[in-house]
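J.:
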């Protein structure tokens, strides 16, 4: 899909404020409302815009503990990985899951929970019970230095 400067500006603005009205967005990117709405619709239909979300304050919700969890698997087979991924995707505590390389883990998870007691129940009651999991290594966030939900777009400049 080809991008121009206006598309990039639309994406940049919408990443920062998904609640912006089409009228406000059109004004900020220098378009009239109808062409602006058409561009947004094209970006959505292309699959580039995946959705619109509301970001919540983790701490105010009582979710005080963030864990980064390395998971090692017993076998590296498609069926074993598919079963793990299917199971872990049902856990609301897991906010990110990636297959990784370059370390002793096969997966890296990011989980958000209320406290260490909850984490222990999550670890022992769910994660370690998934067939094929042979190792779990947890690290805990002490303090978040930076959190972004925006992706860099400068490489799209023409």
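Residue numbers (the working numbering): 25 to 182.
Built from N, CA and C at the ideal position, the CB exists for glycine as well.
(1) Compare the beta carbon distance of residue 124 and residue 132 with 7 Å and say whether it is the shorter of the two.
(2) Pick helix, strand or coil for residue 108, following the three-state DSSP scheme.
(3) Quick one: what's got a C-beta closer than 6 Å to residue 64's C-beta in the same chain, skipping five residues either side?
(4) Confirm, please, whether the CB-CB distance from residue 154 to residue 108 is below 7 Å.
(5) Strictly by DSSP, which residues pair up with residue 161?
(6) Cβ of residue 138 within 7 Å of Cβ of residue 54?
(7) With residue 143 as the anchor, note down where its alpha helix (DSSP H) starts and where it stops.
(8) Whether or not the stretch 32-46 and the stretch 173-180 are in contact is what I'm after, with contact meaning three or more pairs of Cβ atoms, one per stretch, closer than 8 Å; do they touch?
(9) Determine the DSSP secondary structure at residue 117, reduced to helix, strand or coil.
(10) Buried or exposed: where does residue 135 fall if 16 or more other Cβ atoms within 10 Å of its Cβ makes it buried?
T.: To lay it out plainly:
(1) Counting from 1 along the chain shown, the entry for residue 124 is found at position 100. Counting from 1 along the chain shown, the entry for residue 132 is found at position 108. Yes, these two residues count as a Cβ contact at 7 Å.
(2) Locating residue 108 in the chain shown gives position 84, where the first residue counts as 1. Note: residue 108 maps to helix in three-state DSSP.
(3) Residue 64 sits at position 40 when you count from the first residue of the chain shown. Once the five neighbours on either side are set aside, residue 64 has no close Cβ partner at all.
(4) Along the chain shown, one-based indexing puts residue 108 at 84. Along the chain shown, one-based indexing puts residue 154 at 130. Contact flag set, yes.
(5) Translated into positions along the chain shown, residue 161 becomes position 137. 94, per the DSSP bridge assignment.
(6) Here residue 138 refers to the residue found at position 114 of the chain shown. Here residue 54 refers to the residue found at position 30 of the chain shown. It is not a contact, given that the beta carbons lie outside the stated cut-off.
(7) To locate residue 143, count along the chain shown from 1; it is residue 119. Segment 140-149, the alpha helix (DSSP H) holding residue 143.
(8) yes
(9) The residue you call residue 117 lines up with position 93 of the chain shown. Reduced to three states, the DSSP call for residue 117 is coil.
(10) Numbered from 1 along the chain shown, position 111 holds the residue referred to as residue 135. Per the 10 Å Cβ criterion, buried.
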